Every structure is written in structure tokens, then in C-alpha cells.
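Peer 1:
There are 2 protein chains.
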Amino acid sequence: MKIKLEIQYDGTHYAGWQRQKNGISIQEKIEEGLQKLFGERVVLHGASRTDSGVHAKLQVAHFRASKILKNIDYALALNTQLPHDIRILSSQEVSEDFHAMRSTKSKIYEYFIYNKPVKSALYYRHSLWVPQKLDVLAMDEASQYLVGVHDFKSFQASNSCFKTTVREIFGIKWKEKEEFLVFSIQGSGFLKYMVRIIVGTLLEVGKGNVTPLEFKEILNSKDRSQAGRTARPQGLFLKEVLY
Amino acid sequence: MKIKLEIQYDGTHYAGWQRQKNGISIQEKIEEGLQKLFGERVVLHGASRTDSGVHAKLQVAHFRASKILKNIDYALALNTQLPHDIRILSSQEVSEDFHAMRSTKSKIYEYFIYNKPVKSALYYRHSLWVPQKLDVLAMDEASQYLVGVHDFKSFQASNSCFKTTVREIFGIKWKEKEEFLVFSIQGSGFLKYMVRIIVGTLLEVGKGNVTPLEFKEILNSKDRSQAGRTARPQGLFLKEVLY
Chain A
1 MKIKLEIQYD GTHYAGWQRQ KNGISIQEKI EEGLQKLFGE RVVLHGASRT DSGVHAKLQV
61 AHFRASKILK NIDYALALNT QLPHDIRILS SQEVSEDFHA MRSTKSKIYE YFIYNKPVKS
121 ALYYRHSLWV PQKLDVLAMD EASQYLVGVH DFKSFQASNS CFKTTVREIF GIKWKEKEEF
181 LVFSIQGSGF LKYMVRIIVG TLLEVGKGNV TPLEFKEILN SKDRSQAGRT ARPQGLFLKE
241 VLY
Chain B
1001 MKIKLEIQYD GTHYAGWQRQ KNGISIQEKI EEGLQKLFGE RVVLHGASRT DSGVHAKLQV
1061 AHFRASKILK NIDYALALNT QLPHDIRILS SQEVSEDFHA MRSTKSKIYE YFIYNKPVKS
1121 ALYYRHSLWV PQKLDVLAMD EASQYLVGVH DFKSFQASNS CFKTTVREIF GIKWKEKEEF
1181 LVFSIQGSGF LKYMVRIIVG TLLEVGKGNV TPLEFKEILN SKDRSQAGRT ARPQGLFLKE
1241 VLY
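Keeping their order, the protein sequence lines are chains A and B. For the first sequence, the numbering used here assigns the number 1 to the initial residue and increments by one for each residue that follows. For the second sequence, the numbering used here assigns the number 1001 to the initial residue and increments by one for each residue that follows.
Structure, rendered in C-alpha cells:
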């Protein structure tokens, strides 16, 4: 029996989604809860391996259970086992051919920029502070070069090991949401640090250090060293996973 | 010389605005910073005594300095002394007759309600979770009875000691902001716990336990025991102070 979970988390206190030796991961926390529930080791497969410090409004994962727990709402039961910064929003039985990562059609990420003169006392856990004035029109113009099928090697962590660096970006939007400037990107898949390096490079465009055409050249160069800095993880949210 | 400060803070880790023996207050933190700057004890007067756990998007305070520090931006200098959850947004010299609390014309508070079936992993520090379906129209209808000059004794902490419990409410609004239902209230002044008790009572209206007319009767009863529970401080933000 396969179960799909919808999960929300605040990544502040975690070493990212994926289980690892150097810190407590979100996957590990939920797997511990599942183990208590089922009395056996359960492996959780997530749609996205969010980095340390990155948040999820809606992450999706699945697991296979060897037995059926009757009259149990898995979301409710798991939430009693989990810390307050990880919540299971829903659980649902799915067909055997569903795979949280492989069945994904697209994912949407949002990056929150707090663009005010003074750092926020309230939102430092959930945004990147940029005190400089930003040219949002130029950032938008540059970012539209990313839409379509491209080799995104320029925007990948240098220690990365994906087989192919070609991905498709379906759409990019810039929105003002309350006190934030929000960069929203929908794509078929994302390389390691990809959204954060894209945002870091677009901020150079916003500050006037890189023109939109130069940004296009950075994309075409397939050279990580041409791109800007990796923007801090705190501003990044996995917003949705579409199947 | 009198200096006015605009201040933002996350109240999560503080015992409220006002200096006290039972915990670390925001006033104390800023006064410590001022003492380092001026080399003498400086008293800070805030516009609003926000409760423990309550946040401020914009609090106003003033202090009197016995000397002038030349070429010093007080906001910048203070921020280097303060923790990241307290930020001075601006500083400005004001005339001798300005008083952060007494000169106030009105204050605006916002209360954030997260009205979804599952508690939020992301926003528990900044909102009240209400899983039940709420009748927002009924809550809005009830809340409009608060507008005008009234004796708000029903909506005051029982251990309170204000001379008069009459205040004027200038306006009330309900808004949907992203994932939140936001209650916004502007008034001449507020009693201890007033906004939180009002919200707690309006939530009873939203859940269908109290009708809008019964809410009006609770206001008129001048009896704290008729009103609902004090809503948790985490959802409350001091939004603005007007002079």
C-alpha cells in the first residue's frame, strides 16, 4: 500500500529534507514518526530535496507500508509525533505507480526578498534582506531568458552530480506580496542550488551590475563561475508540486 | 534633546515591551543599547506597552539625551547593539512637546488568524490557528458595534488599572492576506488585552456560538466574564502609531 503525504515545514532548524549524518533532516523526523506508527522502518521518498534552511509550503512525499492501520488518519497520527515546525497537511492512498519524485510534472518555488533600508526584525527567518534599490523591470526582463528548455549548468552548485543539466522552465513571475518582492519560478525540475544561484545573479541585474543581455550570456556560458552568489536559503520556499 | 525612534520587533522571545523583573523586555534591550551609546542611563518611553509575545511592525518611542552625539545615526548605531529580532527603523530629533505615548492620535493593531484545517508549520510564531470554519460576515457585523466611543470594560484584563475604560474605535476591517484572515482595528487607545479579548470573543461569533447582537450585549454589559477568551499574543501586531 502506497501513501502520499502533503507536508509543510519551516527549514530553519533542519539540515534540509534529505536524511544525512551531519544534522537532523526533515525526512528523518517524519520517518521516525512513521516507524513509531508502523513498528517498522519506513522509507519516505520526497518530491524535492530542499537544502538546509529552505522551507516548504507544500512538499509531497510517499511511503510504502507493509500493513494497513485501520481507522487511522496518518496525517493526524503523524502530527502528534512531529515538532511544531513540521506538519503533515494531508495523507492519501495512491496507486502503485505513483512516485513522489519521478511522477512530478512540475514544481513551483518562491523566493522572498525583503527590499527595505533596514533589516526586518520579523521576517529574517523567511526572506533575504536587500537594502539596495532594485530595478525590478530589469530583473524581470533578464529572468524571462530562463523560460523554455535550457542547459542550466551555470546555475548549478559546483559540487553537483546530476546526469543532465538540461531542465525546462515553464514560467517566471515577480510579485509584490505585502512587504516582500517575490520571485516565483515553475519548472520541470531544478538542479542543486539552482533557484538560489538564479536569484543571486538576478539581484546583480537588479543592482545594475549585470544587464539583462549579460544575464542571458551567463545562462549560455554554462559556467558556474560567471553567475552570481548563491542567495541565502532562508528566502526560498517550495510552494507546490504538480502531478 | 528629544529623539523619536521607529522600532520593529518580533515579540516571541520577550516578556513584552515594558521593563520588568520577570523577563527580558524590548524596552530594556534598547535602553541597554542607548546606555552604551551615551555612557549614561537613558529612559525610553514607548507608544504602546505590547504584551509578552506580541509583535510590532512599527512601534514608536522617544528618549531624552543629555548630550548630542555628532555625526551619529542613532538607528544604525543602536542596531549594532541589538539582537536581530529588534530593529530600529529610523531615528529623528523631535520637539520638546512630543511624547511617544501622550501625543498619540491613534494606533492600529492587526490580528492574524490562520484559518486552515491543519496548524501551520511556518507561521505559528505570528498567528493564531483556528481550524473551525468561521463565519467572517457575522464576525464583521459584530465587530462594527465596537466603532465609536464606548466603555470597553468587558474587553479589559481583569487585573487592569486604567482610570477610565472609555476609548474610541475609529475603524475595523477584515482582510484576507495570503493565507491569513486579518482583523485590523484603529483606535484612540487600547486597554490591557483589549484587542486579544475582542478577537477571542469575535471568534465565538465566527464559530456560531455568539450572535452579532449578543456580541453587542457583551460590549454593553461592561462585564469581562461575559466576553470570550483572550486570544494568544502571537497573532497580534502593533501595526502603526499615528500622531
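Just so you know, even glycine gets a beta-carbon here, dropped at the ideal spot from N, CA and C. Values in this document were obtained by computation on a predicted structure and should not be read as measured data.
Give the DSSP-derived three-state secondary structure of histidine 84 of chain A in the structure shown.
Peer 2: Translated into positions along the first sequence, residue 84 of chain A becomes position 84. DSSP places histidine 84 of chain A in coil when its eight states are reduced to three.
Peer 1: In angstroms, rounded to a whole number, what distance separates the CA positions of glycine 228 of chain A and leucine 202 of chain A?
Peer 2: On the first sequence, position 228 is the one that residue 228 of chain A refers to. On the first sequence, position 202 is the one that residue 202 of chain A refers to. One C-alpha to the other measures close to 8 Å.
Peer 1: Between histidine 1013 of chain B and chain A, is the shortest Cβ-Cβ distance under 8 Å, so that the two count as touching?
Peer 2: Within the second sequence, residue 1013 of chain B is the residue found at index 13, counting from 1. Not closer than 8 Å to any Cβ of chain A, the Cβ of histidine 1013 of chain B fails to qualify, so no.
Peer 1: Considering only their Cβ atoms, is the gap separating tyrosine 1123 of chain B from glutamine 1109 of chain B smaller than 8 Å?
Peer 2: Within the second sequence, numbered from 1, the residue matching residue 1109 of chain B stands at position 109. Within the second sequence, numbered from 1, the residue matching residue 1123 of chain B stands at position 123. The question names glutamine, yet the displayed sequence has tyrosine at residue 1109 of chain B. No. Outside cutoff.
Peer 1: I'd like to know if the segment 3-22 of chain A and the segment 48-62 of chain A are in contact, where contact means that at least 3 CB-CB pairs between them fall below 8 Å.
Peer 2: These segments touch.
Peer 1: Would you mind reading off the limits of the beta strand (DSSP E) that contains glutamine 186 of chain A?
Peer 2: As a position in the first sequence, residue 186 of chain A is number 186, starting the count at 1. Start and end: 180-187.
Peer 1: For glutamine 156 of chain A, which of A/Lys57, A/Val130, A/Val199 and A/Gly235 has the nearest alpha-carbon?
Peer 2: Against the first sequence, residue 156 of chain A aligns to sequence position 156. The shortest C-alpha separation from glutamine 156 of chain A is found at A/Val199.
Peer 1: My output table needs one value for aspartate 135 of chain A: the three-state DSSP class, helix, strand or coil.
Peer 2: By one-based count along the first sequence, residue 135 of chain A stands at place 135. Coil at aspartate 135 of chain A, not helix or strand.
Peer 1: Cα separation between glutamate 204 of chain A and serine 1143 of chain B?
Peer 2: In the first sequence, residue 204 of chain A corresponds to position 204, counting from 1. In the second sequence, residue 1143 of chain B corresponds to position 143, counting from 1. Each residue's alpha carbon lies about 47 Å from the other.
Peer 1: Which class does glutamate 1096 of chain B belong to by DSSP, given the choice of helix, strand or coil?
Peer 2: Taking the second sequence and counting its residues from 1, one reaches residue 1096 of chain B at position 96. Note: glutamate 1096 of chain B maps to coil in three-state DSSP.
Peer 1: Could you tell me whether the Cβ atoms of isoleucine 30 of chain A and isoleucine 86 of chain A are closer together than 8 Å?
Peer 2: The residue given as residue 30 of chain A occupies position 30 in the first sequence. The residue given as residue 86 of chain A occupies position 86 in the first sequence. In this structure, isoleucine 86 of chain A lies closer than 8 Å to isoleucine 30 of chain A by Cβ.
Peer 1: Is lysine 222 of chain A helix, strand or coil when you go by DSSP?
Peer 2: One-based indexing of the first sequence puts residue 222 of chain A at position 222. Residue state, collapsed to three classes: coil.
Peer 1: Return the first residue and the last residue of the alpha helix (DSSP H) that glycine 1200 of chain B is part of.
Peer 2: Along the second sequence, read from residue 1 onward, the residue named residue 1200 of chain B stands at position 200. Run containing glycine 1200 of chain B: 1194-1206, per the alpha helix (DSSP H) assignment.
Peer 1: Does DSSP classify isoleucine 30 of chain A as helix, strand or coil?
Peer 2: On the first sequence, residue 30 of chain A is found 30 positions in, with the first residue counted as 1. Looking at isoleucine 30 of chain A - three-state DSSP - the assignment turns out to be helix.
Peer 1: Express the C-alpha separation of glycine 1011 of chain B and glutamine 1234 of chain B in angstroms, rounding to a whole number.
Peer 2: For this step, residue 1234 of chain B is matched to residue 234 along the second sequence. For this step, residue 1011 of chain B is matched to residue 11 along the second sequence. Roughly 8 Å between the two C-alpha positions.
Peer 1: Checking contacts by CB at 8 Å: is leucine 89 of chain A closer than that to chain B?
Peer 2: To locate residue 89 of chain A, count along the first sequence from 1; it is residue 89. Chain B, which has a Cβ nearer than 8 Å to the Cβ of leucine 89 of chain A, makes this yes.
Peer 1: Taking the alpha-carbon of glycine 206 of chain A as reference, which of A/Phe237, A/Leu191 and A/Leu134 has the nearest alpha-carbon?
Peer 2: In the first sequence, the residue the question calls residue 206 of chain A occupies position 206. The shortest Cα separation from glycine 206 of chain A among A/Phe237, A/Leu191 and A/Leu134 belongs to A/Leu134.
Peer 1: Along chain A, which residues have their Cβ under 7 Å away from the Cβ of glutamine 991 of chain B?
Peer 2: Residue 991 of chain B is absent from the structure shown; chain B starts at 1001 and stops at 1243.
Peer 1: What are the residues of the segment 1018-1038 of chain B that lie near chain A, defined by any Cβ-Cβ distance shorter than 9 Å?
Peer 2: The residues in question: there are none.
Peer 1: Is there a Cβ of chain B sitting closer than 8 Å to that of valine 54 of chain A, yes or no?
Peer 2: Here residue 54 of chain A is taken as the residue at index 54 of the first sequence, counted from 1. False, the Cβ-Cβ gap to chain B never drops below 8 Å.
Peer 1: Can the beta-carbon of serine 1184 of chain B be found closer than 8 Å to that of isoleucine 1172 of chain B?
Peer 2: Numbered from its first residue, the second sequence carries residue 1184 of chain B at position 184. Numbered from its first residue, the second sequence carries residue 1172 of chain B at position 172. Result yes, Cβ atoms of serine 1184 of chain B and isoleucine 1172 of chain B sit closer than 8 Å.
Peer 1: Could you tell me whether the Cβ of serine 1120 of chain B comes closer than 8 Å to any Cβ of chain A?
Peer 2: Counting from 1 along the second sequence, the entry for residue 1120 of chain B is found at position 120. Yes, serine 1120 of chain B lies at the interface with chain A (some Cβ there is under 8 Å from its Cβ).
Peer 1: By Cβ distance below 7 Å, which residues in the same chain neighbour aspartate 1151 of chain B in space, the five residues on each side in sequence not counted?
Peer 2: Taking the first residue of the second sequence as position 1, residue 1151 of chain B is located at position 151. Answer for aspartate 1151 of chain B: Thr1165, Val1166 and Lys1222, listed in chain order.
Peer 1: Please check the pair lysine 239 of chain A and leucine 58 of chain A, which I expect to be a contact at CB under 8 Å, by giving their CB distance rounded to whole angstroms.
Peer 2: Here residue 239 of chain A refers to the residue found at position 239 when the first sequence is read from its first residue. Here residue 58 of chain A refers to the residue found at position 58 when the first sequence is read from its first residue. The Cβ separation is near 6 Å, so the contact holds.
Peer 1: Label lysine 1001 of chain B either buried or exposed according to how many other C-beta atoms from any shown protein chain fall within 10 Å of its C-beta, with 16 as the threshold for buried.
Peer 2: The sequence position of residue 1001 of chain B within the second sequence is 1, counting from 1. According to the sequence shown, residue 1001 of chain B is methionine rather than lysine. Methionine 1001 of chain B is exposed by the Cβ-count criterion.
Peer 1: Cα separation between proline 1131 of chain B and serine 1120 of chain B?
Peer 2: Position 131 of the second sequence holds residue 1131 of chain B. Position 120 of the second sequence holds residue 1120 of chain B. Going from the Cα of proline 1131 of chain B to the Cα of serine 1120 of chain B covers about 10 Å.
Peer 1: Which same chain residues end up closer than 7 Å to serine 103 of chain A when comparing Cβ atoms and leaving out the 5 residues on each side of it in sequence?
Peer 2: Walking along the first sequence from the start, residue 103 of chain A turns up at place 103. For serine 103 of chain A, where only same-chain residues beyond five positions count, the Cβ hits under 7 Å are Tyr243.
Peer 1: With DSSP as the reference, identify every bridge partner of isoleucine 108 of chain A, one or two as the case may be.
Peer 2: In the first sequence, residue 108 of chain A corresponds to position 108, counting from 1. Looking at the DSSP assignment, isoleucine 108 of chain A forms a beta bridge with A/Gln186 and A/Glu240.
Peer 1: Figure out for me which residue from B/Gln1081, B/His1084, B/Tyr1145 and B/His1126 has the closest Cα to the Cα of phenylalanine 1251 of chain B.
Peer 2: Only positions 1001 to 1243 of chain B appear in the structure, and residue 1251 of chain B is not among them; the question remains open.
Peer 1: Report the neighbours of glutamine 8 of chain A on chain B: residues whose CB is nearer than 8 Å to its CB, in chain order.
Peer 2: Your numbering for residue 8 of chain A matches position 8 in the first sequence. Residues of chain B passing the Cβ test: Val1118, Ser1120, Ala1121 and Leu1122.
Peer 1: Excluding the 5 residues preceding and the 5 following phenylalanine 1098 of chain B in the sequence, name in chain order all residues of the same chain whose CB lies nearer than 7 Å to its CB.
Peer 2: Position 98 of the second sequence holds residue 1098 of chain B. Only Lys1002, Lys1004 and His1062 meet the Cβ criterion.
Peer 1: Measure how close the beta-carbons of arginine 232 of chain A and leucine 128 of chain A come, nearest whole angstrom, since I'm counting them as under 8 Å.
Peer 2: In the first sequence, counting from the first residue as 1, residue 232 of chain A sits at position 232. In the first sequence, counting from the first residue as 1, residue 128 of chain A sits at position 128. At roughly 5 Å, the Cβ-Cβ gap stays under 8 Å, so arginine 232 of chain A and leucine 128 of chain A are in contact.
Peer 1: Apply the 10 Å Cβ neighbour rule to isoleucine 72 of chain A and answer buried if 16 or more other Cβ atoms are within range, or exposed otherwise.
Peer 2: The residue labelled residue 72 of chain A in the question sits at position 72 within the first sequence. It counts as exposed.
Peer 1: In the DSSP assignment, find the alpha helix (DSSP H) that holds tyrosine 1074 of chain B and state where it starts and stops.
Peer 2: Here residue 1074 of chain B corresponds to residue number 74 of the second sequence, with the count starting at 1. That run of the alpha helix (DSSP H) goes 1074-1079.
Peer 1: Could you check whether the Cβ of isoleucine 218 of chain A sits closer than 8 Å to any Cβ belonging to chain B?
Peer 2: Here residue 218 of chain A refers to the residue found at position 218 of the first sequence. Not closer than 8 Å to any Cβ of chain B, the Cβ of isoleucine 218 of chain A fails to qualify, so no.
Peer 1: Which whole-angstrom value describes the C-beta separation of isoleucine 24 of chain A and isoleucine 88 of chain A, a residue pair presumed to lie in contact below a C-beta threshold of 8 Å?
Peer 2: Here the question's residue 24 of chain A lines up with position 24 in the first sequence. Here the question's residue 88 of chain A lines up with position 88 in the first sequence. Contact flag wrong, Cβ pair sits at about 17 Å.
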